[in-house]
Amino acid sequence: MTRSVVIGTGSCLPKRELTNADLETMVDTSDEWITTRTGIKSRRISGHGEETSKLGAAAARQALDMAGLAPAAIDLIIVCSISPDMVMPSCACLVQKELAALNAFAFDLNAACSGFVFGLDVADRYIKANPAMKILVIGAENLSARTNWQDRSTCVLFGDAAGACVLTGGEEEQHGLLATRLYSDGRLWQLLSLAGAPSLNPDLEYAADNGAYIKMAGPDVFKIAVRSMGEAVNSLLAQEGIAIDQIKLVIPHQANVRILRSLAEKLSLPFDRVYTTIEKYGNTSAASVPVALDEANRRGILQRGDLVLLCVFGGGFTWGAALLRW
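For the numbering used here, add 1184 to where a residue sits in the sequence shown, where the first one is 1.
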């Protein structure tokens, strides 16, 4: 059986660090308030020359270097993002330009914070149809461009980053991406949303669209996120006949450390097996899982044969889980 195998990972963080102390000078908040409620101590904020596509391309170059591939070897580029450089062309096409990966076709995928896992699932289906394909899946975000910096309930959460992986087909049955479970529920979209540019057609204007920035009902999202990710993980493990204590590492979407601790408790999982980067980078939406995956990989935490579980939750709502044998 052909499985999709990760042969390279990479990540890119903007140079500028915005600490909680910095935020104290911008809005009515404090380091203690932010740390207690979110677990975040700092986040990265993009500057000139650090557009979403450029962060994504830099992460992709690292992944290609690890995989030992030239950009011309890539057949498909999928960029998962809610904060691309522009609506058209796609961020993936701009990444293709940056890399000179001219043999690839490219498109964006929007599943909010769940985007990277949704992107892995899409790539896996291409690879099963054509195992020779080499696919870049990138999660890249500049949420600083989509944050209301006067709203202290949200501006303390978000940061900018990009992470990437290269996948191709492998023939070892128990090695690679074993399974995914993906879900959506559009009925609850108003609890977490990001409006686009104002409509130029007055008949299509939304009265509530008072800014192209993230709006979130935090307490409601918290409860739904913990429940939904827990159910997705349990369903996936039951489907594959795997117990939670067989999982070497869980890499969840880095939304809030209290969400992660509640999820671990729900899964009866020791928290030292949950990989976290939120204290350093904040919530980077679709970039959070691939950045954490690359960091764990480069630190030597992931060893061949380890079972690794990814789980995500984002606006839409979208959520899901993916199981890999490293």
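Cβ atoms here follow ideal geometry from the backbone N, Cα and C, with glycine treated the same way.
Remember, it's a predicted structure, so these values are computed and weren't measured experimentally.
For residue i, the nearest candidate out of the options (CA to CA)
i: ALA1307; options: LEU1207, LEU1248, ASP1259, THR1331; result: ASP1259
i: SER1230; options: TRP1510, TYR1465, CYS1495, GLY1484; result: TYR1465
i: LEU1248; options: GLY1192, ILE1398, TRP1510; result: GLY1192
i: THR1236; options: ALA1256, ALA1257, ILE1266, PRO1403; result: ILE1266
i: ASN1326; options: ILE1428, GLY1347, VAL1417; result: GLY1347
i: THR1502; options: VAL1340, ALA1316, ALA1363, VAL1405; result: VAL1405
i: ALA1244; options: ILE1218, LYS1225, ARG1227, LYS1281; result: LYS1281
i: LEU1493; options: ILE1426, SER1469, GLU1463, CYS1297; result: ILE1426
i: ALA1324; options: ALA1505, ALA1276, GLY1360; result: ALA1276
i: GLN1423; options: LEU1375, ILE1462, THR1364, GLY1484; result: THR1364
i: CYS1264; options: ALA1241, ILE1322, PRO1273, ALA1290; result: ILE1322
i: CYS1495; options: ALA1256, ILE1408, ALA1506, GLN1358; result: ALA1506
i: LEU1375; options: LYS1407, ASN1418, HIS1359; result: LYS1407
i: LEU1372; options: GLN1358, LYS1399, GLY1354; result: LYS1399
i: GLY1498; options: LEU1362, TYR1367, HIS1359, PRO1454; result: TYR1367
i: TYR1459; options: ASN1467, SER1446, GLN1438, THR1468; result: GLN1438
Alpha-carbon to alpha-carbon, residue j and residue i
i: TYR1515; j: SER1214; result: This structure gives no information on residue 1515, because the portion of the chain shown stretches from 1185 to 1510.
i: ILE1431; j: GLU1356; result: 19 Å
i: LEU1239; j: ASP1269; result: 11 Å
i: VAL1189; j: ILE1262; result: 16 Å
i: GLY1303; j: SER1472; result: 13 Å
i: ILE1319; j: GLU1208; result: 42 Å
i: GLY1414; j: LYS1450; result: 7 Å
i: LEU1477; j: ASP1387; result: 44 Å
i: ALA1401; j: ASN1294; result: 20 Å
i: ALA1345; j: ALA1316; result: 29 Å
i: ALA1288; j: VAL1279; result: 11 Å
i: ASP1490; j: GLY1500; result: 31 Å
i: ALA1470; j: ASN1385; result: 30 Å
i: CYS1339; j: ALA1285; result: 35 Å
i: VAL1475; j: GLU1389; result: 36 Å
i: LYS1225; j: GLY1484; result: 25 Å
i: ARG1187; j: VAL1350; result: 13 Å
i: ARG1178; j: ALA1313; result: It is not possible to answer for residue 1178, since the shown part of the chain is limited to 1185 through 1510.
i: LEU1378; j: VAL1211; result: 21 Å
i: CYS1297; j: LEU1508; result: 19 Å
i: ILE1435; j: GLN1334; result: 31 Å
i: ALA1290; j: LEU1283; result: 12 Å
i: PHE1342; j: ARG1411; result: 22 Å
For residue i, the first and last residue of its enclosing beta strand (DSSP E)
i: GLU1325; result: 1319-1326
i: VAL1434; result: 1433-1436
i: ARG1509; result: 1502-1509
i: PHE1289; result: 1289-1293
For residue i, the three-state DSSP class (helix, strand or coil)
i: ALA1256; result: helix
i: GLY1353; result: strand
i: ALA1446; result: It should be noted that the sequence gives Ser, not Ala, for residue 1446. Here SER1446 sits in helix by DSSP.
i: PHE1497; result: strand
i: ALA1276; result: helix
i: LYS1199; result: coil
i: LYS1281; result: helix
i: ARG1228; result: strand
i: GLY1347; result: strand
i: ARG1249; result: Just to set this straight, residue 1249 is Asp in the shown sequence, not Arg. If DSSP states are grouped into helix, strand and coil, ASP1249 belongs with the helices.
i: VAL1271; result: coil
i: SER1377; result: strand
i: ALA1427; result: coil
i: SER1188; result: strand
i: VAL1441; result: helix
i: LEU1372; result: helix
i: LEU1388; result: helix
i: THR1331; result: coil
i: ILE1485; result: coil
i: LEU1491; result: strand
i: GLY1395; result: coil
i: ILE1218; result: helix
i: GLY1194; result: strand
With 16 other Cβ atoms within 10 Å as the buried cut-off, status of residue i
i: TYR1397; result: buried
i: SER1452; result: exposed
i: ASP1305; result: buried
i: PRO1382; result: exposed
i: GLY1370; result: exposed
i: HIS1232; result: exposed
i: GLY1194; result: buried
Terminal residues of the alpha helix (DSSP H) in which residue i lies
i: TYR1367; result: From DSSP, TYR1367 is part of no alpha helix (DSSP H) but of the beta strand (DSSP E) over 1360-1368.
i: SER1469; result: Unbroken run through SER1469: none, as it is neither H nor E.
i: ILE1408; result: 1402-1424
i: ASP1212; result: Taken as a continuous stretch (DSSP letters only), ASP1212 belongs to no alpha helix (DSSP H), as it is neither H nor E.
i: GLY1303; result: 1299-1313
i: ILE1462; result: 1462-1465
i: VAL1337; result: A small correction: the amino acid at residue 1337 is Ser; Val does not occupy that position in the sequence shown. Residues 1336-1339.
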